[in-house]
Amino acid sequence: MKLSEIKEHLKGLETIAFQLPDGSLVEEHFHVTEVGEVTKHFIDCGGTVRHEKVANFQLWSANDYNHRLHPEKLVKIIELSEKTLGLGDLDIEVEYQGTSIMKFGLDFDGTNFLLTSKQTDCLAKDACGIPEKAKVSLVGAVTAATGGCTPGGGCC
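Counting in my numbering, the sequence shown runs from 1056 upward without gaps.
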């Protein structure tokens, strides 16, 4: 999700909720302690130099259980960050303290902001010698529905 998208979603909400990948919600009294730009300048294992930029939101919960961040306040925080830091319309990455500091992507289901799991991947599989999974064509495959598989026939 991009910064422009979260601001649009926030305009239609009365409350903000972030849902973790396991379905549980971040505590209602969370704070957004940081909005910033994270730049990653690196070289992959194939020798290609890469640049990545994301807008980073850090969520944090304290013991101030009566605290509630309202949608219009988060929009103001985002807009101040865009103006002060010169943020473009970047993709958002969310940091949240679980058992360790976890990083998530962000989506929206119409009610909650969904913290989506991020996965590592090799960006230069061709240079690493990682074999691609074999693609098997199922065109013309015989199925039980067409009568091509019978009990004891060895095809199941």
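Ideal Cβ positions, reconstructed from N, Cα and C, are used throughout, including at glycine. The structure displayed is predicted, hence computed values, not measured ones.
Bridge-paired residues (DSSP) for residue 1157
As computed with DSSP, residue 1157 is found in a beta bridge with 1151.
Look at the Cβ atom of residue 1064, then the Cβ atom of residue 1159, and state whether they are nearer than 8 Å.
No, Cβ-Cβ distance for residue 1064 and residue 1159 is not below 8 Å.
In angstroms, rounded to a whole number, what distance separates the CA positions of residue 1149 and residue 1112?
Rounded to whole angstroms, residue 1149 to residue 1112 spans 5 Å at the Cα level.
What number of angstroms, rounded off, separates the C-alpha of residue 1115 from the C-alpha of residue 1083?
Using only the alpha carbons, I get a separation of about 11 Å.
Endpoints, alpha helix (DSSP H) assigned at residue 1065:
The continuous alpha helix (DSSP H) containing residue 1065 extends over residues 1058-1066.
Who are the near neighbours of residue 1094 in its chain, counting only those whose CB is closer than 8 Å to its CB and skipping five residues on each side?
If we look at residue 1094 and ignore the five residues flanking it on each side, its Cβ neighbours are 1106, 1107 and 1108.
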